[in-house]
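Below is one structure, written out as structure tokens; comments come after it.
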Amino acid sequence: MPSIGEKSDTTLDADTKKLSSSSSFPDILSTLIVTRSPSNSRWSRDSTHWISPPSSPPVLTSHHHIGLSSTGSIALHAGADTKTPAIASTKSENSFRERSTLTIAKHDGLAEINERLDVHKSFGPEQWSFVLAVPSADGGTGVEKFEWRSTTGSETTTLWGSGKGTRGWKLVRMDGSQRFDLSAKGGEERQAGWTRDGKEIVAVWVDDEFKMFPAVVAKFGVLGSGVAGVEGDLGKEWRVMALLSALRMRQIRKSRG
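Numbering of the sequence shown is given in this note's numbering, commencing with residue 914 and proceeding in unit increments.
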């Protein structure tokens, strides 16, 4: 595996400002594995993760910087070298440490994208959401909301490759077409790839909560219209935003202790 370049605190703090304007903005395959870089120091709270398709070299690298904020920031780079300009980043908003800004660098003639990642806490499981302009059926774009929900469904079990009931997160397309609604019915199994209220599941994320694999941090996968090249493809910017939001969600949850 290629080595990861070391970074000073000054360089890390600049990551969220120094964003790439490269025309080679990466796309994401259906499944990615997030692993710890062997260059991580046991003495530092910062960490570097490689992001790779199964049995393949890294296609992305994320650097997680803590600094003065308990929730820190993330810089996402193409390839396995954090010396390149970040293609995307996260940072905390000043007033609410668990409310974050997700940024995608300008590229291919597109302006920089900045969206908010919000966490919603109530009496039930917490949910995380963001909005993004995605391609629409008429050839234009429309702003849609996407929401991470806790799950033990078949999608996370398939992604992790373990027994039934693997706990993880599903990313739900809140404004897409609704196929059916089983939310008021009991006993009926929902269709794979869809929530009980008929909304499409477009990505899944599973942390290695029980540290079953020493180097593995998490797995990420896209489904349905989240997959590149399918009819109604949500786009490569959406795929990077979905991955970035999952990385940020994990970082904040871990910061709670």
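The beta-carbon is built from N, C-alpha and C at its ideal position, and this holds for glycine as well.
Just mark residue i as buried or exposed, buried being the case when its beta carbon has 16 or more other beta carbons within 10 Å.
i	result
Lys1167	exposed
Glu1113	buried
Pro971	buried
Thr1065	exposed
Leu1023	exposed
Lys1004	buried
His990	buried
Thr1054	exposed
Val1135	buried
Ala1105	exposed
Ser1138	buried
Trp1151	buried
Give me the residue from the options with the minimum Cα distance to residue i.
i	options	result
Phe1133	Leu1157, Gly1037, Gly1145, Ser969	Leu1157
Arg1012	Arg1029, His1020, Ser1002	Arg1029
Ile1017	Asp1031, Ile1000, Val1032	Ile1000
Ala1128	Ser952, Ala1159, Val1115, Thr1065	Ser952
Leu1072	Thr1064, Asp1051, Val1117	Val1117
Gly1002	Arg1161, Gly1170, Arg1169, Ile1165	Note that residue 1002 is Ser in the sequence shown, not Gly. Answer by Cα proximity: Arg1161.
Ala1159	Leu1136, Gly1055, Gly1139, Ala1131	Ala1131
Val947	Phe938, His976, Ser1005	His976
Val1119	Thr1108, Gln1104, Gly1074	Gly1074
Thr1070	Ile1165, Asp994, Asp1121	Asp1121
Thr1014	Ser1138, Glu1006, Gly1055	Glu1006
Pro939	Arg949, Ser965, Ser950	Ser965
His1020	Gly1111, Pro998, Thr1079, Gln1104	Pro998
Val1032	Ile1026, Glu1025, Ser1063	Ser1063
DSSP state of residue i, grouped into three classes?
i	result
Thr1064	strand
Val1143	coil
Ile941	coil
Arg1086	strand
Ala927	Confidence at Ala927 is low in this model, with a pLDDT of 41, below 50, so its placement is unreliable and the value that follows should be read with caution. Looking at Ala927 - three-state DSSP - the assignment turns out to be helix.
Gly1137	helix
Ser936	Caution applies to Ser936, whose pLDDT of 44 falls short of 50 and renders its modelled position unreliable; the value that the coordinates give is listed next. In this structure, Ser936 counts as coil in the three-state DSSP scheme.
Glu1025	coil
Arg1080	coil
Thr984	coil
Ala991	strand
Arg949	strand
Gln1091	coil
Ile1017	strand
Val1115	strand
Ile964	strand
Ser1168	helix
Thr1108	coil
Ala1128	coil
Ser1158	helix
Lys1058	strand
Just how far apart, CA to CA, sit residue i and residue j?
i	j	result
Glu1068	Trp1082	9 Å
Ser969	Trp963	11 Å
Ile941	Ser1035	33 Å
Ala1050	Trp1041	26 Å
Val1153	His978	19 Å
Ser935	Ser986	Caution is warranted here: a pLDDT of 45 is assigned to Ser935, below 50, making its placement in the model unreliable, and the coordinate value is therefore given only provisionally. Computed Cα separation, rounded: 22 Å.
Thr995	Gly1037	38 Å
Gly992	Gly1170	30 Å
Val1115	Arg1109	14 Å
Thr984	Ile1165	5 Å
Leu857	Gly1052	This structure leaves residue 857 out entirely; the chain is present only between 914 and 1170.
Pro967	Ile1026	29 Å
Trp1107	Ser1090	11 Å
Gly1142	Arg1080	28 Å
Ala1155	Arg1163	13 Å
Would you check whether the ligand NAP has a heavy atom nearer than 7 Å to the C-beta of residue i?
i	result
Val1085	Absent from the structure shown: the ligand NAP. Ligands present: none.
(message) I'd like to know if the segment 1080-1088 and the segment 1056-1066 are in contact, where contact means that at least 3 CB-CB pairs between them fall below 8 Å.
(response) Verdict: yes, contact present.
TODO: Could you tell me whether the segment 1039-1052 touches the segment 1141-1149, where touching means 3 or more Cβ pairs closer than 8 Å?
DONE: They touch, by the three-pair rule.
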